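Note that numbering that gives the first Met the number 0 numbers the sequence shown so that position 430 is 429, with each residue one more than the last.
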Amino acid sequence: MKSLTLYELNGIVREVLELSLDNSYWVEAELSELREHGGHCYMELVQKDENTNTPIAKASARCWRTIWMLLKPRFERVAMQRLSPGMKVLMKVSAQFHEQYGFSWIVSDIDPTYTMGDMARKRQEIINKLKAEGVFDLNRELRLPMLTQRIAVVSSKTAAGYGDFVDQLQNNKQGLKFHLELFAASMQGEQVEQSVIAALNAIYERKEEFDCVVIIRGGGATSDLSGFDTLMLAENVANFPLPVITGIGHERDESILDLVANTRMKTPTAVAAFLIDRMMNLCDRIDTMEQTIVACVERRLQMETMRIERMTVAIPHIFSSIREKQERRLDTMYSAALTSAKMMLKDRNDTLEQWHGRLVAAIDRRMEKETHRIEMMDKHIELSSPERILQRGYSITMKDGHAVTSYEQLAEGDTIETVFAKGTVRSVVEKKQYSKR
């Protein structure tokens with residue numbers, strides 16, 4: 000049986016899919032994951048059971064850069080919401096199977112109106128649930144104190160509207176005194192719900208110290224308001240024992256949090272004006288300050304522009320002067336380095352010559368010493384030779400060609416040979432006698 004390689008098998012799958020799924024399809028799904036990389040968008044799609052919320056289908060989808068750069072801004076402009084996990088979408092896809100990367104749906108279009116409808120449906124479901132629980136109007140039924148001075152503020156310390164809000168209250172022309180305490184919370188992103196609820200819980204522990212709660216968020220994109228359209232956050236605000244004032248959106252936006260709050264204002268500035276009851280006077284002051292700041296900025300910009308122009312003219316001359324100075328400095332450093340190198344080389348040469356002289360002298364002395372030692376050894380060897388010893392009157396007794404060094408080597412009747420400096424004598428041992436010397 001002939002086998003296929005995995006690549007060949009995947010190639011067959013790709014060809015079958017291209018023939019059988021050669022069209023594009025509009026599909027409804029929920030985004031479980033979404034990430035952008037290299038300009039492309041990679042998505043994980045899921046379909047859940049309506050009763051158990053258990054995933055019953057999953058698939059990967061990709062939107063290439065050239066398409067994504069058009070679809071993303073159009074979706075956000077129409078839906079006023081960023082594409083994010085958990086969102087239901089209607090997208091146009093076509094099948095693609097790659098031998099190496101496997102199967103994926105390729106996205107060519109996304110219908111923002113479908114997502115808007117799903118968002119509106121979820122929003123209405125939350126409102127209906129709040130009304131069914133009987134809490135939708137609870138906070139609005141609370142009465143704001145006549146003198147609202149002690150204010151617990153839920154906002155981000157870096158939010159654009161928080162600084163304006165504090166400035167208007169603390170610098171109002173009426174001289175009213177307000178006690179503000181910030182309970183920091185995230186005003187955008189996925190952490191809005193948990194962060195704001197945690198701030199409300201902290202306020203609840205000290206509720207006797209405050210007259211009301213202000214939840215503000217200045218500026219920002221409309222798409223960042225989704226965190227304020229959750230059931231849990233709405234229930235917390237609706238059941239809160241202190242009146243809650245909101246200023247978290249733009250003129251055209253209204254979140255579920257605004258609907259259940261005691262008082263809903265459009266912006267943090269509007270909240271400040273509502274509390275001090277002199278909105279117009281304060282707005283005029285802000286406008287005047289804004290015009291002053293703009294004028295100061297314009298004057299400063301003019302001054303800095305003139306200063307930059309002067310610097311632009313002066314820079315070439317300064318650069319030329321610095322360049323000439325640095326070139327002279329480099330020439331001086333080069334000359335100094337060259338002179339230093341020459342002197343160093345001369346010193347090294349002198350040192351080498353001195354060591355050469357010393358080495359030659361040492362070698363000569365050692366050669367002379369070794370030559371003398373060799374001559375002495377030659378004389379010693381010459382004096383120690385057998386011929387010289389025999390010439391001094393000594394003789395060598397031999398037996399069978401070997402020198403006799405002890406009487407024990409001989410026996411009576413042995414023939415021995417005595418060697419003299421001149422000639423030899425052969426004799427026979429008649430008697431051995433030991434002589435101790």
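Built from N, CA and C at the ideal position, the CB exists for glycine as well.
All of these numbers come straight from a predicted model, not from anything done at the bench.
Boundaries of the alpha helix (DSSP H) around Gln-167: 159-169. The criterion of a C-beta distance shorter than 9 angstroms is satisfied by Ser-31 and Pro-84. Per DSSP, the beta-bridge partners of Cys-40 are Glu-35, Cys-62. Per DSSP, Ala-183 lies in no alpha helix (DSSP H); the unbroken beta strand (DSSP E) holding it starts and ends at 178-183. By the Cβ criterion, the segment 297-310 is not in contact with the segment 189-208, since fewer than three pairs of Cβ atoms, one from each stretch, lie closer than 8 angstroms. The criterion of a C-beta distance shorter than 9 angstroms is satisfied by Val-259 and Asn-138. Between Leu-168 and Ile-150, the CB-CB gap stays under 9 angstroms.
In this structure, Lys-156 is the residue among Lys-156, Thr-404, Leu-175 with its C-alpha nearest to the C-alpha of Leu-181. With a beta-carbon spacing of about 6 angstroms, Ala-233 and Leu-256 fall inside the 8 angstroms limit used to define contacts.
About 4 angstroms separates the beta carbon of Ile-395 from that of Val-418, a gap short enough to meet the 8 angstroms contact definition. Under the DSSP assignment, Glu-386 falls outside any beta strand (DSSP E), being part of the alpha helix (DSSP H) whose first and last residues are 385-390.
Secondary structure at Arg-347: helix, using DSSP grouped into helix, strand and coil. DSSP places Ser-19 inside the alpha helix (DSSP H), whose first and last residues are 5-19.
In the structure shown, the three-state DSSP call for Leu-30 is strand. When DSSP states are grouped into helix, strand and coil, Ala-402 belongs to the strand group.
Considering only Lys-341, Ile-244, Glu-253, Gln-290, the residue with the shortest C-alpha distance to Thr-268 is Ile-244. Residue state for Ala-131 is assigned as helix, using DSSP reduced to three classes.
With contact defined as three or more Cβ pairs closer than 8 angstroms, the segment 61-81 and the segment 43-53 are not in contact. For Ile-275, no beta strand (DSSP E) encloses it; the enclosing alpha helix (DSSP H) starts and ends at 267-275. Annotation for Glu-192: the continuous alpha helix (DSSP H) segment containing it runs 191-203.
A contact is defined here as three or more CB-CB pairs under 8 angstroms, and the segment 17-32 meets this definition with respect to the segment 79-96.
Cα atoms of Arg-327 and Glu-352: separation of roughly 37 angstroms, rounded to the nearest angstrom. By the Cβ neighbour-count rule, Trp-104 is buried, with 16 or more other Cβ atoms within 10 Å of its own. Contact between the segment 399-416 and the segment 379-387 is not established, with fewer than three Cβ pairs separated by less than 8 angstroms. It is roughly 15 angstroms from the alpha-carbon of Leu-274 to the alpha-carbon of Gly-160.
Partner residues in the beta bridge of Ala-56, as assigned by DSSP, are Gln-46. Around the beta carbon of Arg-216, 16 or more other beta carbons lie within 10 angstroms, which makes this residue buried. Each residue's CA atom was taken as its position, placing Asn-238 and Asp-166 some 30 angstroms apart. DSSP, read as helix, strand or coil, puts Val-428 in coil. Residue environment: Arg-263 is assigned as buried (16 or more neighbouring CB atoms within 10 Å of its CB, all protein chains considered). Remark: C-beta atoms of Val-213 and Val-293 do not approach each other more closely than 9 angstroms. Contact between Ala-60 and Met-79 fails: their C-beta atoms lie close to 23 angstroms from each other, not under 8 angstroms. A straight line joining the alpha-carbon of Asp-21 with that of Leu-33 spans about 26 angstroms. The beta carbon of Glu-208 sits closer than 7 angstroms to the beta carbons of Arg-149 from its chain, once the five residues preceding and following it are set aside; these are given in chain order. In the structure shown, Ile-247 falls within a coil segment according to DSSP collapsed to helix, strand and coil. Excluding residues up to 5 positions away in sequence, Tyr-406, Leu-409, Ala-410, Glu-411 lie with their Cβ nearer than 8 angstroms to the Cβ of Lys-431 in the same chain.
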